[in-house]
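Trainee:
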Amino acid sequence: MKKKYLTLIYLIINIAIIIVIGALDPHITDFPKIFAQIKVSWIMITLAATVGCWIMDGLLLKYSVGAIREHKSFLKYMKISIIGHYYHSVTPMATGGQPVQVYYMTKIGIPAGCASSAMAIKFLVYQAVLSVYSITAFILKGSFMIGYSKILFNASVVGLCISIGSVILVYSLSINEGIVKKMVFGMLKFLGKIRVIKDVEAARENIVHHIEDFSKSIRMVRGNYKALLLLVLFTVIQMTLNFSITYFVYRAFGLQQETWFNILFVQAFLYAGISYFPTPGASGASEGGFYSLFKLFFFSDVIFASLLLWRFFTYYINIIVGLIAIFLDGFKKMSKPTAINS
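Sequential numbering from 1 applies to the sequence shown in the working numbering.
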C-alpha cells in the first residue's frame, strides 16, 4: 500500500511540474489553435515509433532468453515487456521493471536463474549501445552543448560514465564468479547481522546457483555471435526509435527547419544526462531538460505543447498501456477457474 501511495505522489509531482511549466508559458491560451493545427500523419508515425520500441523490447527479451535456452512465443514476451515498461515508469531510476519482468518470466516456465541472466544480458547490451550512442553524441554535439548549458553537459558526462562503468562492472563480474560470490556473501552476512535475513546459509545456497547460472549464461552468449548481433541490432533500433520521437513531434507541428539527424543526437545527449535522475521516469529532469534544450528548435508558441506530446509518447503511454496489460493479465487468471468449472 505504501508503494502505491509513493507512485501516486510521484505522478502528482510529475503533473505538477508540467502545470508549473505550462503556467509560465505565455502561449498557454493559444493551445486550442495550436493543437488544431497538428499534423495527424506525424502523430501516427510517433505512435508507431512508440509501439516499435515495445516490439523491439519484446524481441530483446525473446532473444536474450533464446541465447540461453529454448524461448517462448513472442506475444508472451511482448506482454512482459509492456508490463515492465509500466514498472520502469513508476519506480525511481526504473528499478522496478527488471524484477517484475523476471517474475513474469518465471510464470511462463522460465527458471528464475535463466530469467535473471537474460535480463543481465539485455542490460549489458543496452548499456553498451547507449555508451556508443552517447559517445557519438558527444563527438557531434559536445561543443554545442557545452556552449549552451554546462549543467546539461556535465550531467551527460556523468550519465556516460555510469553507462560505461555499468558495462565494465557487469562484464567483469560475469567472468569472475569468485569476486561476485565474495561481494554477495559479504552483503548477506551484513543483512544477517542487521536481521534482514534470518537464514543466511539457506540464502547463500540459493544465490550460489543463480550466480553460477548467470556466469554460465554469459559464457554461452559470448560464443553466440548471431544472438549478440541480433540483440545489438534490436537495441540500436529501439534506441533510435525512442530518440526519433522528438523529431516526429517536431514535424507534427509543421516544423521542418531542423534535420532528423541533428535532433536525434541532441536528444541522445539529453537522454544521457537525465536517464539516471532518481525519480520515476526521470520526472522533473525530463521536462526541464526538454523545455530548456528544445526551445532552441521548436517555436516559442509550440514548445510547451510539444513537451506534452513528447512526454505522453515517451512516458505516460507506458503507464496507461502497462496498466491495461496488468488488468487483462489479472482478469485472464480470474476467468480461468470459471472456464474449467463450466
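No residue lacks a Cβ here, since even glycine has one placed at the ideal position from N, Cα and C.
Comparing alpha-carbon positions, which option in Ile-263, Ser-275 and Ala-282 lies nearest Ser-131?
Mentor: Ser-275
Trainee: Helix, strand or coil for Pro-99 per DSSP?
Mentor: helix
Trainee: With Lys-226 as the anchor, note down where its alpha helix (DSSP H) starts and where it stops.
Mentor: Residues 225-252.
Trainee: Please list, in chain order, all residues of the same chain as Ile-164 whose beta carbon is under 7 Å from its beta carbon, the five residues on each side excluded.
Mentor: Ser-131
Trainee: With 16 other CB atoms within 10 Å as the buried threshold, where does Ser-117 fall?
Mentor: buried
Trainee: Does the separation of the CB atoms of Ile-83 and Asp-329 fall below 9 Å?
Mentor: yes
Trainee: Please report the Cβ distance between Ala-285 and Phe-277, rounded to the nearest whole angstrom; I am assuming they are in contact, meaning their Cβ atoms lie under 8 Å.
Mentor: 4 Å
Trainee: Taking 9 Å as the threshold (C-beta atoms), are Gln-238 and Gly-97 in contact?
Mentor: no
Trainee: DSSP state of Ile-12, grouped into three classes?
Mentor: helix
Trainee: Taking the Cβ atom as the reference point for each residue, do Ser-300 and Ala-49 lie within a distance shorter than 9 Å?
Mentor: no
Trainee: Please return the same chain residues whose Cβ sits closer than 6 Å to the Cβ of Cys-114, not counting the five positions on each side in sequence.
Mentor: Ile-68 and Arg-69
Trainee: Going by Cα to Cα distance, which pick from Phe-253, Phe-312 and Ala-203 is closest to Lys-33?
Mentor: Phe-253
Trainee: From Gly-288 to Ile-110, what does the alpha carbon distance come to, in whole angstroms?
Mentor: 41 Å
Trainee: Do you know offhand how far Tyr-63's Cα is from Gln-37's?
Mentor: 42 Å
Trainee: Should Tyr-225 go down as buried or exposed, given a rule of 16 or more other Cβ atoms within 10 Å for buried?
Mentor: With fewer than 16 Cβ atoms within 10 Å of its Cβ, Tyr-225 is classed as exposed.
Trainee: Given a threshold of 16 other Cβ atoms within 10 Å of its Cβ, counted over all protein chains shown, does Phe-290 qualify as buried or as exposed?
Mentor: buried
Trainee: Got a sec, what are the start and stop residues for the alpha helix (DSSP H) Asp-57 sits in?
Mentor: Residue range 40-66 is occupied by the alpha helix (DSSP H) that includes Asp-57.
Trainee: Please report the residue range of the alpha helix (DSSP H) in which Thr-136 lies.
Mentor: Segment 112-148, the alpha helix (DSSP H) holding Thr-136.
Trainee: So which of Val-40, Gly-58, Ser-73 and Ser-89 has the shortest CA-CA distance to Gly-322?
Mentor: Ser-89
Trainee: Give, in chain order, every unbroken run of the alpha helix (DSSP H) that is at least 4 residues long and sits entirely within the region 258-313.
Mentor: Taking 4 residues as the minimum length, the alpha helix (DSSP H) runs contained wholly in the region 258-313 are 260-274, 285-294 and 303-311, in order along the chain.
Trainee: Report yes if the CB atom of Ala-138 is closer than 9 Å to the CB atom of Ser-166, and no otherwise.
Mentor: At residue 138 the sequence reads Phe, which differs from the Ala that was named. Cβ distance not < 9 Å, so Phe-138 and Ser-166 don't count as in contact.
Trainee: I think Ala-155 touches Gly-273, with their Cβ atoms under 8 Å apart; what is that distance to the nearest whole Å?
Mentor: 4 Å
Trainee: Can you give me the C-alpha to C-alpha distance between Val-200 and Ala-325, rounded to a whole angstrom?
Mentor: 37 Å
Trainee: Would Ser-134 be called buried (16 or more neighbouring beta carbons within 10 Å of its own) or exposed?
Mentor: buried
Trainee: Rounded to whole angstroms, what is the Cα-Cα separation between Ile-340 and Tyr-77?
Mentor: The predicted position of Ile-340 is uncertain, since its pLDDT is 42 and thus under 50; a value taken from the coordinates is nonetheless stated next. Taking the straight line joining both Cα atoms gives about 26 Å.
Trainee: Taking Phe-294 as the reference, give the member of Gln-101, Leu-255 and Ile-317 with the closest Cα.
Mentor: Leu-255
Trainee: Where does Ala-305 land, buried or exposed, given buried means 16+ other C-beta within 10 angstroms?
Mentor: buried
Trainee: Let me know the secondary structure DSSP gives Ile-218 once reduced to three states.
Mentor: Ile-218 falls in the helix class under three-state DSSP.
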